[in-house]
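Below you'll find the structure, written out as structure tokens, and then a few comments.
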Amino acid sequence: MDAYETGSYVWFDHPEETWTPAKVLSGASAAVRVALVGTGEEFSFADTSGKFMRMNKQNLSPAPDMVKLGDLHEAALLHNLRLRFSTDDIFTYIGPILVACNPYKRLPIFTADYIHRYHTASAAETLEPHVYGLANNAYGNMLRDGEDQSVVISGESGAGKTEETKMCLEFLAVVASDKRAGSRPEQLLLKSSPILEAMGNAKTIRNNNSSRFGKYMQIRFNRSGKIMGGSIIKYLLEKARVVRP
Numbered sequence: 011m012d013a014y015e016t017g018s019y020v021w022f023d024h025p026e027e028t029w030t031p032a033k034v035l036s037g038a039s040a041a042v043r044v045a046l047v048g049t050g051e052e053f054s055f056a057d058t059s060g061k062f063m064r065m066n067k068q069n070l071s072p073a074p075d076m077v078k079l080g081d082l083h084e085a086a087l088l089h090n091l092r093l094r095f096s097t098d099d100i101f102t103y104i105g106p107i108l109v110a111c112n113p114y115k116r117l118p119i120f121t122a123d124y125i126h127r128y129h130t131a132s133a134a135e136t137l138e139p140h141v142y143g144l145a146n147n148a149y150g151n152m153l154r155d156g157e158d159q160s161v162v163i164s165g166e167s168g169a170g171k172t173e174e175t176k177m178c179l180e181f182l183a184v185v186a187s188d189k190r191a192g193s194r195p196e197q198l199l200l201k202s203s204p205i206l207e208a209m210g211n212a213k214t215i216r217n218n219n220s221s222r223f224g225k226y227m228q229i230r231f232n233r234s235g236k237i238m239g240g241s242i243i244k245y246l247l248e249k250a251r252v253v254r255p
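Okay, so the sequence shown: first residue is 11 according to our numbering, each after it adds one.
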């Protein structure tokens, strides 16, 4: 009896691409032969090699929210991110969580038009995943519930945590600024980032301008939702890599 049905799809543990979709050409347990989806490259391994996992065909198409994938494990998540990244869709949801992939190039999706689009979107309107959407959800929940909100931004070196923080702040600086006020506290918060980077960033193997410290930023709003001020606390400064002022 064949281990995998001929013509079905499986996840194949590629030596370079990690888990990637493949179509079964022959499914005998002694030697399962597959062809990669897209390239057609063929591989043959025993069923017991650990190189194959059964796959839901639904995963062949990219999904903006990975909760809706047919499979929900490492292979499906990584492949979906790969598909979306290939078309410059660098943001993907996993329910309320936003996954961001650093494009290492400038994309025209961080403009005033995008800020306006995500801030004014109705509840019935479905927009593509975006950091502006995440920031708008937190801001809207604060206004509706009257409770503090937190946005946690984490990732490895070079993932883009500092840039995502700036984008969240830029969004709030537009939608929650009090233009009638003489001083603009949100502008002071925005201008603080380059100063902090000059004091505590260093080059790593993955990033030429890597933050060597954690940052806790607190933004204070009045009851009408306008920014009144804020504070920034740095912690866990990695002094070993800061070699000069």
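Glycine included, C-beta positions come from ideal geometry on N, C-alpha and C.
Quantities reported herein were computed from a predicted structural model and do not represent experimental measurements.
Taking DSSP as the reference, what is the three-state secondary structure of Val20? Start at 1 with the first residue of the sequence shown, and residue 20 comes out as number 10. Strand.
Run through DSSP, which three-state label would Met11 get? Your numbering for residue 11 matches position 1 in the sequence shown. Confidence in Met11 is poor, its pLDDT being 47 and thus under 50, which makes the residue's placement unreliable; the coordinate value appears in the next sentence. Coil at Met11, not helix or strand.
If you check the beta carbons only, do Ser187 and Glu174 fall under 8 angstroms apart? Within the sequence shown, the letter at position 177 stands for residue 187. Within the sequence shown, the letter at position 164 stands for residue 174. No, Cβ-Cβ distance for Ser187 and Glu174 is not below 8 angstroms.
Leaving out five residues on either side along the sequence, give the residues of the same chain with a beta carbon under 8 angstroms from the beta carbon of Leu117. Along the sequence shown, one-based indexing puts residue 117 at 107. Excluding sequence neighbours, Leu117 sits near Asp98 and Ile100.
Can you tell me which of the three DSSP states Val185 falls into? Locating residue 185 in the sequence shown gives position 175, where the first residue counts as 1. DSSP places Val185 in helix when its eight states are reduced to three.
Quick check on Arg92: does DSSP put it in helix, strand or coil? Here residue 92 is taken as the residue at index 82 of the sequence shown, counted from 1. Helix.
I need the straight-line Cα distance from Asp237 to Glu84, nearest angstrom please. On the sequence shown, residue 237 is found 227 positions in, with the first residue counted as 1. On the sequence shown, residue 84 is found 74 positions in, with the first residue counted as 1. The question names Asp, but residue 237 in the sequence shown is Ile. Roughly 40 angstroms between the two C-alpha positions.
Does DSSP classify Ala276 as helix, strand or coil? The structure shown does not extend to residue 276, since the chain is modelled only from 11 to 255, so the question has no answer here.
Starting from Asn211, follow its DSSP beta bridges and name the residues at the other end. Looking up residue 211 in the sequence shown gives position 201. Note: Asn211 sits in a beta bridge opposite Ser221.
Return the CA-CA distance between Arg43 and Arg94, expressed in angstroms with no decimal places. In the sequence shown, residue 43 corresponds to position 33, counting from 1. In the sequence shown, residue 94 corresponds to position 84, counting from 1. Going from the Cα of Arg43 to the Cα of Arg94 covers about 28 angstroms.
Which first and last residues belong to the alpha helix (DSSP H) in which Met152 is found? One-based indexing of the sequence shown puts residue 152 at position 142. Looking at the DSSP string, the run of the alpha helix (DSSP H) that includes Met152 is Val141 to Asp155.
I believe Met76 touches Ile119 by the beta-carbon criterion, under 8 angstroms. Please report the beta-carbon distance rounded to the nearest angstrom. Stepping through the sequence shown from its first residue, residue 76 is reached at position 66. Stepping through the sequence shown from its first residue, residue 119 is reached at position 109. Not really, about 20 angstroms apart at Cβ, beyond 8 angstroms.
Rounded to the nearest angstrom, what separates Ser132 and Val20 at their Cα positions? In the sequence shown, the residue the question calls residue 132 occupies position 122. In the sequence shown, the residue the question calls residue 20 occupies position 10. So the alpha carbons of these two residues sit roughly 39 angstroms apart.
Can you name the start and end residues of the alpha helix (DSSP H) that Met127 belongs to? Here residue 127 is taken as the residue at index 117 of the sequence shown, counted from 1. Reading off the sequence, residue 127 comes out as Arg, not Met. From DSSP, the alpha helix (DSSP H) with Arg127 extends over Ala122 to Thr130.
Compute the distance between the beta-carbons of Leu70 and Pro31, then report whether it is under 8 angstroms. By 1-based counting over the sequence shown, the position of residue 70 is 60. By 1-based counting over the sequence shown, the position of residue 31 is 21. A contact, by the Cβ cut-off of 8 angstroms.
Identify whether Gln197 lies in helix, strand or coil by the three-state DSSP scheme. Taking the sequence shown and counting its residues from 1, one reaches residue 197 at position 187. Three-state result, Gln197: helix.
Look up Lys33 in the DSSP assignment and give the residues it is bridged to. By one-based count along the sequence shown, residue 33 stands at place 23. Lys33 is bridged to Tyr19 and Ala45.
CA-CA distance, Ser59 and Glu180? Here residue 59 refers to the residue found at position 49 of the sequence shown. Here residue 180 refers to the residue found at position 170 of the sequence shown. If you take the alpha carbons of Ser59 and Glu180, they lie about 50 angstroms apart.
Let me know the secondary structure DSSP gives Gln228 once reduced to three states. Numbered from 1 along the sequence shown, position 218 holds the residue referred to as residue 228. In the structure shown, Gln228 sits in a strand (DSSP, three-state: E or B).
Alpha carbon of Gly143 to alpha carbon of His129, nearest angstrom: Sequence index remark: in the sequence shown, residue 143 carries index 133 (1-based). Sequence index remark: in the sequence shown, residue 129 carries index 119 (1-based). Near 8 angstroms, if we compare the C-alpha coordinates of His129 and Gly143.
Coil, strand or helix - Asp57 by DSSP: As a working mapping, residue 57 is identified with position 47 in the sequence shown. Note: Asp57 maps to helix in three-state DSSP.
Flag this pair as yes or no: are the beta carbons of Gly239 and Arg230 separated by less than 8 angstroms? Numbered from 1 along the sequence shown, position 229 holds the residue referred to as residue 239. Numbered from 1 along the sequence shown, position 220 holds the residue referred to as residue 230. Contact: yes.
Please confirm if the region 207-220 is in contact with the region 153-169, defined as three or more CB-CB distances below 8 angstroms between the two stretches. yes
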